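The block underneath contains the structure these notes are about, expressed in structure tokens.
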Amino acid sequence: TCSDCHENHDTRSEDDPESAINPANLPATCGKTDCHPGANNVYVYGGKIHEEQSVNLFFIDVKSLVTYFYIIMILFELAFTFGLIFLGITSGLDIGRRKHHD
């Protein structure tokens, strides 16, 4: 959680020298006994410690699957909505033409 690194009642910007997440303080912050004991500068500055993680289900990345599902659903909803708008506009034009011919 955020309070694991930012401290509960002492949340400061990364730029603040007294911040727990200031680059100079990262080894001490990350090296807490309940986090990453023994974390040193190489460990802390070598890359992201808490990279985004996903779950695999039968060799399928669930995070990617959900992302693609939502993208497809959003595109479908947009196409459906614009299709209804298009049908509404064109049916309105047809009604207007019929009135002039009657």
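Numbering (the working numbering), first residue to last: 107 to 208.
Don't be surprised by glycine CBs; every beta carbon is placed ideally from N, CA and C.
Nothing here was measured: the structure is a model prediction, and the numbers come from that model.
**Message:** What would DSSP say about ILE127, mapped onto helix, strand or coil?
**Reply:** Under the three-state reduction of DSSP output, ILE127 falls in the coil class, being neither helix nor strand.
**Message:** Let me confirm a value: GLY190 is counted as buried when at least 16 other C-beta atoms fall within 10 Å, else exposed. Which label applies?
**Reply:** Checking the sequence shown, residue 190 turns out to be Leu, not Gly. Burial is judged here by how many other beta carbons sit within 10 angstroms of a residue's own beta carbon; LEU190 has fewer than 16 and is exposed.
**Message:** Taking the straight line between their C-alpha atoms, what separation do you get for GLU183 and ILE195?
**Reply:** Distance between the alpha carbons of GLU183 and ILE195 is about 18 Å.
**Message:** Taking the straight line between their C-alpha atoms, what separation do you get for ASP121 and CYS136?
**Reply:** If you draw a straight line from the Cα of ASP121 to the Cα of CYS136, it is about 17 Å long.
**Request:** Measure the C-alpha to C-alpha separation of THR187 and PHE175 and round it to an integer number of angstroms.
**Result:** Within the model, the alpha-carbon separation for THR187 versus PHE175 is close to 18 Å.
**Request:** State the beta-bridge partners of ILE166 as determined by DSSP.
**Result:** In the DSSP output, where bridge partners are listed per residue, ILE166 has LEU163.
**Prompt:** So what's SER197 in DSSP terms, helix, strand or just coil?
**Reply:** SER197: helix per DSSP, three-state reduction.
**Asked** Excluding the five sequence neighbours on either side, which residues of its own chain have a C-beta within less than 7 Å of the C-beta of SER125, listed in chain order?
**Response** Result list for SER125: ARG118, SER119 and ASN131, in chain order.
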